[in-house]
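S.K.:
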Amino acid sequence: MVPNAIIETRGLSKIYGSGAQSTTALDSLNLQVNQGEIFGYLGPNGAGKTTTIRLLLDLIRPSAGAATIFGDDIRAKSVDIHRRIGFLPGELSLWEGRSGKQIINFVANVRGDADGILKQAEKIAERLELDTTKRVRDLSSGNKRKLGLVLALMHDPELLILDEPTNGLDPLVQQTFHEMMNEYRQRGKTVFLSSHVLSEVQAICDRVGILRDGDLKAVESVEGLTQVEFHHIEVSYREAVPPELRERLAGMPQVSDVAVHGRRLDLRLVGDFDPLLRELGAGYVELLRIEEPTLEDIFLAFYSDKEKV
Amino acid sequence: MIGSVFLETYRQTWKQMVYWGIGLAALGLLVVIMVPLFDMQQMRELLESFPPFILALVGVGEELEIFATNEGFVAIGFFGKSALIFAVYPVVMGMRITANDEDSGVMDAVLSLPLERGRVIIEKFLAYGVSIIGVVLLIYLGLHLGAVLGGVELDVARLAEVTFYLIPLMIFVMAATLFIGVLARRRQVALGLITAFVIVSYMLQTIGTAAEGTVAETIGIVSFLTYYNTGDLLNQGFNWTHIAGFTLLSAVLLLASMYRYQQRDIGI
Numbered sequence: 332m333v334p335n336a337i338i339e340t341r342g343l344s345k346i347y348g349s350g351a352q353s354t355t356a357l358d359s360l361n362l363q364v365n366q367g368e369i370f371g372y373l374g375p376n377g378a379g380k381t382t383t384i385r386l387l388l389d390l391i392r393p394s395a396g397a398a399t400i401f402g403d404d405i406r407a408k409s410v411d412i413h414r415r416i417g418f419l420p421g422e423l424s425l426w427e428g429r430s431g432k433q434i435i436n437f438v439a440n441v442r443g444d445a446d447g448i449l450k451q452a453e454k455i456a457e458r459l460e461l462d463t464t465k466r467v468r469d470l471s472s473g474n475k476r477k478l479g480l481v482l483a484l485m486h487d488p489e490l491l492i493l494d495e496p497t498n499g500l501d502p503l504v505q506q507t508f509h510e511m512m513n514e515y516r517q518r519g520k521t522v523f524l525s526s527h528v529l530s531e532v533q534a535i536c537d538r539v540g541i542l543r544d545g546d547l548k549a550v551e552s553v554e555g556l557t558q559v560e561f562h563h564i565e566v567s568y569r570e571a572v573p574p575e576l577r578e579r580l581a582g583m584p585q586v587s588d589v590a591v592h593g594r595r596l597d598l599r600l601v602g603d604f605d606p607l608l609r610e611l612g613a614g615y616v617e618l619l620r621i622e623e624p625t626l627e628d629i630f631l632a633f634y635s636d637k638e639k640v
Numbered sequence: 495m496i497g498s499v500f501l502e503t504y505r506q507t508w509k510q511m512v513y514w515g516i517g518l519a520a521l522g523l524l525v526v527i528m529v530p531l532f533d534m535q536q537m538r539e540l541l542e543s544f545p546p547f548i549l550a551l552v553g554v555g556e557e558l559e560i561f562a563t564n565e566g567f568v569a570i571g572f573f574g575k576s577a578l579i580f581a582v583y584p585v586v587m588g589m590r591i592t593a594n595d596e597d598s599g600v601m602d603a604v605l606s607l608p609l610e611r612g613r614v615i616i617e618k619f620l621a622y623g624v625s626i627i628g629v630v631l632l633i634y635l636g637l638h639l640g641a642v643l644g645g646v647e648l649d650v651a652r653l654a655e656v657t658f659y660l661i662p663l664m665i666f667v668m669a670a671t672l673f674i675g676v677l678a679r680r681r682q683v684a685l686g687l688i689t690a691f692v693i694v695s696y697m698l699q700t701i702g703t704a705a706e707g708t709v710a711e712t713i714g715i716v717s718f719l720t721y722y723n724t725g726d727l728l729n730q731g732f733n734w735t736h737i738a739g740f741t742l743l744s745a746v747l748l749l750a751s752m753y754r755y756q757q758r759d760i761g762i
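So the sequence lines, in the order shown, correspond to chains A and B.
Just so you know, the first sequence maps onto residues 332 to 640 in the numbering used here.
Just so you know, the second sequence maps onto residues 495 to 762 in the numbering used here.
#1: Within 10 angstroms of its Cβ, does B/R652 collect 16 or more other Cβ (buried), or is it exposed?
#2: Using the beta-carbon of each residue, which ones in chain B are nearer than 8 Å to A/V410?
#3: Determine the DSSP secondary structure at B/A690, reduced to helix, strand or coil.
#4: Please list the partners that A/F418 has in chain B, where partner means a Cβ-to-Cβ separation under 9 Å.
#5: Using a cut-off of 7 Å between C-beta atoms, extract the partners of A/H300 located in chain B.
#6: From B/S498 to B/R590, what distance separates their C-alpha atoms?
#7: With a threshold of 8 Å between beta-carbons, can A/M332 be considered close to chain B, or not?
#8: In chain order, what are the residue ranges of uninterrupted alpha helix (DSSP H) at least 4 long that sit wholly in the region 485-529 of chain A?
#9: Taking B/V694 as the reference, give the member of B/T720, B/R758, B/Q682 and B/N733 with the closest Cα.
#10: Which runs of the beta strand (DSSP E), 3 residues or longer, sit entirely within the region 381-414 of chain A?
#11: Tell me the rounded alpha-carbon separation between A/I492 and B/L521.
#12: What do you reckon, are the CB atoms on B/R681 and B/I762 nearer than 8 Å?
#13: Which of the three DSSP states is assigned to B/N733 in this structure?
#14: Which ranges would you report for the alpha helix (DSSP H) in the region 574-631 of chain B if only whole runs of at least 4 residues count?
#15: Which residue or residues does DSSP assign as beta-bridge partners of A/N436?
#16: Mind checking A/R406: buried by the 16 CB within 10 Å criterion, or exposed?
#17: Express the C-alpha separation of B/Q510 and B/G644 in angstroms, rounding to a whole number.
#18: Any beta carbon from chain B within less than 8 Å of A/Y347's own beta carbon?
#19: Taking the alpha-carbon positions, what's the B/T689 to B/M664 distance?
#20: Looking at the unbroken alpha helix (DSSP H) that takes in A/K454, where does it start and where does it end?
#21: Using a Cβ-Cβ cutoff of 7 Å, what residues of the region 431-456 of chain A are near chain B? List them in chain order.
#22: Which first and last residues belong to the alpha helix (DSSP H) in which B/L541 is found?
#23: Under three-state DSSP, which class holds B/Q756?
#24: Below 8 Å, how does it come out for the region 536-547 of chain A and the region 579-588 of chain A: are there three or more Cβ pairs, yes or no?
#25: Comparing the C-beta of A/S424 with each C-beta of chain C, is any distance below 8 Å?
#26: The region 561-593 of chain B: which residues have C-beta closer than 8 Å to a C-beta of chain A, in chain order?
#27: Who does B/I674 pair with in a DSSP beta bridge?
#28: Which same chain residues, not among the five before or five after A/Y347, have their C-beta less than 6 Å away from its C-beta?
#29: Helix or strand or just coil, what does DSSP make of A/F418?
#30: Taking 8 Å as the CB-CB limit, is B/D726 close to chain A?
#31: Pull up the distance between the alpha-carbon of A/V410 and that of A/D404, whole angstroms please.
#32: With a threshold of 8 Å between beta carbons, is A/E638 in contact with chain B?
#33: Verify whether the separation of the beta carbon atoms of B/V800 and B/D595 is less than 8 Å.
#34: Against chain B, with Cβ distances strictly below 8 Å, would A/L388 count as a contact?
#35: Report buried or exposed for A/Q433, applying the criterion of at least 16 other Cβ atoms within 10 angstroms of its Cβ.
#36: Would you mind sorting B/T657 into buried or exposed? The rule is 16 or more other CB atoms within 10 Å of its CB.
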């Protein structure tokens, strides 16, 4: 085992159902999340993100493979592991008739050291501007989410496992959440968060794993992933786009997504610029704009089968 | 902290315990208050005129003598007629142990805490068990109050036996509901199955009591309601063998539920 691995999975798989009706929700996942990093787990609905999280929490059992958290087996030591983690489910359900404060008290009692935890909960609730006196049934989805964050963070866990944490939060609270996560990381804690909000992942994560149909397609640093060799290029000509340029560009293997909008030409380039620049020089170029791909572009590239990034 | 699930469950339940207890106690109180309105000799003659099947429907077996007493009247009017109502409360509580929370997703939040699955089940079971005892105590108080208010002479000890015998019976129904909930996974399926179990048990007991000496009587022994015989209770007091049987079955169902819940996926 790598010394600073907080989460480590080896061939972790989950198959729902049996026989012809079976569905592979997660296929032989090999993943390592290190201490002090914020790891983003990306994928569309049904990709296997929540399945992974529920496996890590021992809510469901693997069909094959194994996983450790803090070096302990997730099944054999689940209670010990749960003492040291904070969890926010994707769809948080709590007892509707209880107030936020009552639920916080219950969780604090289960975790022990109730006084210390309750003080911390109060601080977090204040920071997120959450009224804990309201019953769960009277909370908006955003406020329910805030309560979930309080419950996940109030015992200052070593590892946070968050499933779509900012779903339903307004932009200001999202900003506060990002600040909290950065502070958390600075204190050497670890976060494993699933999301499909790419801007959020780009803003706070150190590394991301991209999951598709239960299969981990890539694990990269956010920085590394955005430095892939493709660019969006926009070329504006003084007059019309030179005739036959579009066809010539379409014939170049490193060029794709060619589109003409009046005097403007859009395309995507993989690799070196020189061959493209020679072709573009067929007309008078007024403006050449080159855009780095966003995480969203990279994400889409993984999910379209057009090209392997 | 040990007991935190128990306390939280009890906090969530005590109001319902009081509402159910008051409701059932009020029903019992009304039946007791009505006792002086009836002539027990006429009551006996009336009972003798009924076919066994009709008597079985209200929980009366062969021992007509005992039912022509004040306690017997209460046993028929309240305990006999309300057998199915007494099964509803433990079914509701049994569904809450795992099935409801699992169906709503609350169990994900609970089991992500440092809690063993078995501990969650046992603490919730105990809390709901205490609430059942609370309901039964309130019922007894209602009957007692009815006797005082109506000036009805009742054998308090016998009446207590008939009332408190409900506890092992209701705990057994709760354990059966828990077990079915753990096996069925889905709330609606579990509720359908336990409802079918209770109704079939009621029918088997009723038919078994009505058709003595037939196959129906033999089949009737599999119904748990067969072992809640108010006539026997009034005549002979507690049947400790039956109480031990209910307790043992409840324990077996509880342990089997804990074992199965430990093995399986949650919320799938």
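Beta carbons are placed, not taken as given, at the ideal position from N, Cα and C, and that holds for glycine.
M.R.: Taking the coordinates as given:
#1: Position 158 of the second sequence, counted from the first residue, corresponds to residue 652 of chain B. The residue in question, B/R652, is buried, as its Cβ has 16 or more Cβ neighbours within 10 Å.
#2: Translated into the one-based positions of the first sequence, residue 410 of chain A becomes position 79. Within chain B, the residues near A/V410 are P608, L609 and E610.
#3: Taking the first residue of the second sequence as position 1, residue 690 of chain B is located at position 196. The three-state reading of DSSP puts B/A690 in helix, counting H, G and I together.
#4: Counted from its first residue, the first sequence places residue 418 of chain A at position 87. Result: D602, A603, S606 and L607.
#5: No answer is possible for residue 300 of chain A: it lies beyond the span of chain A, which begins at 332 and ends at 640.
#6: For the purposes of this step, residue 498 of chain B is taken as the residue at position 4 of the second sequence. For the purposes of this step, residue 590 of chain B is taken as the residue at position 96 of the second sequence. When the Cα atoms are used, B/S498 and B/R590 turn out to be separated by approximately 16 Å.
#7: Taking the first residue of the first sequence as position 1, residue 332 of chain A is located at position 1. At A/M332, the pLDDT of 48 sits below 50, so the modelled position is not reliable and the matter cannot be decided from this model.
#8: As far as the region 485-529 of chain A is concerned, its whole alpha helix (DSSP H) runs of at least 4 residues are 502-517.
#9: Taking the second sequence and counting its residues from 1, the one referred to as residue 694 of chain B is at position 200. Out of B/T720, B/R758, B/Q682 and B/N733, B/T720 has the C-alpha closest to the C-alpha of B/V694.
#10: Uninterrupted beta strand (DSSP E) stretches at least 3 residues long and entirely within the region 381-414 of chain A occur at 395-400, given in chain order.
#11: Sequence index remark: in the first sequence, residue 492 of chain A carries index 161 (1-based). Sequence index remark: in the second sequence, residue 521 of chain B carries index 27 (1-based). Distance between the alpha carbons of A/I492 and B/L521 is about 51 Å.
#12: In the second sequence, the residue the question calls residue 681 of chain B occupies position 187. In the second sequence, the residue the question calls residue 762 of chain B occupies position 268. By the CB criterion at 8 Å, B/R681 and B/I762 fall outside the cutoff.
#13: The count along the second sequence starts at 1 and reaches residue 733 of chain B at position 239. If DSSP states are grouped into helix, strand and coil, B/N733 belongs with coil.
#14: For the region 574-631 of chain B, whole alpha helix (DSSP H) runs of length 4 or above, ordered along the chain, are 577-591, 593-598 and 600-605.
#15: Numbered from 1 along the first sequence, position 105 holds the residue referred to as residue 436 of chain A. A/N436 is not bridged to any residue.
#16: Within the first sequence, the letter at position 75 stands for residue 406 of chain A. Its Cβ having fewer than 16 others within 10 Å, A/R406 is exposed.
#17: Translated into positions along the second sequence, residue 644 of chain B becomes position 150. Translated into positions along the second sequence, residue 510 of chain B becomes position 16. Distance between B/G644 and B/Q510, taken at the CA atoms: about 28 Å.
#18: Taking the first residue of the first sequence as 1, we reach residue 347 of chain A at position 16. It does; some Cβ of chain B falls within 8 Å.
#19: Here residue 689 of chain B refers to the residue found at position 195 of the second sequence. Here residue 664 of chain B refers to the residue found at position 170 of the second sequence. If I take the Cα positions, the gap works out to 14 Å.
#20: Within the first sequence, numbered from 1, the residue matching residue 454 of chain A stands at position 123. Note, A/K454: alpha helix (DSSP H), A445 to R458.
#21: Taking 7 Å as the Cβ-Cβ cut-off against chain B, the residues of the region 431-456 of chain A that qualify are F437, V438, N440, V441, R442 and G443.
#22: For the purposes of this step, residue 541 of chain B is identified with residue 47 of the second sequence, where counting begins at 1. First-last of the alpha helix (DSSP H) with B/L541: M534 to S543.
#23: The sequence position of residue 756 of chain B within the second sequence is 262, counting from 1. In the structure shown, B/Q756 sits in a helix (DSSP, three-state: H, G or I).
#24: The region 536-547 of chain A, when compared against the region 579-588 of chain A, does not touch it at the 8 Å Cβ threshold.
#25: You won't find chain C in this structure, because its protein chains are A and B.
#26: Here the close residues number zero.
#27: In the second sequence, the residue the question calls residue 674 of chain B occupies position 180. As far as DSSP is concerned, B/I674 takes part in no beta bridge.
#28: Translated into positions along the first sequence, residue 347 of chain A becomes position 16. Close CB contacts of A/Y347 within its chain, under the 6 Å cut and outside five residues either way in sequence, are with T354 and A356 (chain order).
#29: Within the first sequence, numbered from 1, the residue matching residue 418 of chain A stands at position 87. Strand.
#30: On the second sequence, position 232 is the one that residue 726 of chain B refers to. So, not an interface residue.
#31: As a first step, residue 410 of chain A must be located in the first sequence, where it is residue number 79. As a first step, residue 404 of chain A must be located in the first sequence, where it is residue number 73. Near 11 Å, if we compare the C-alpha coordinates of A/D404 and A/V410.
#32: By 1-based counting over the first sequence, the position of residue 638 of chain A is 307. Caution applies to A/E638, whose pLDDT of 45 falls short of 50 and renders its modelled position unreliable; the model cannot decide the point.
#33: The shown model of chain B, from 495 to 762, leaves out residue 800 of chain B, and the question about it has no answer.
#34: As a first step, residue 388 of chain A must be located in the first sequence, where it is residue number 57. At least one C-beta of chain B is nearer than 8 Å to the C-beta of A/L388.
#35: For this step, residue 433 of chain A is matched to residue 102 along the first sequence. With 16 or more other Cβ atoms within 10 Å, it is buried.
#36: As a first step, residue 657 of chain B must be located in the second sequence, where it is residue number 163. Buried, since its Cβ has 16 or more Cβ neighbours within 10 Å.
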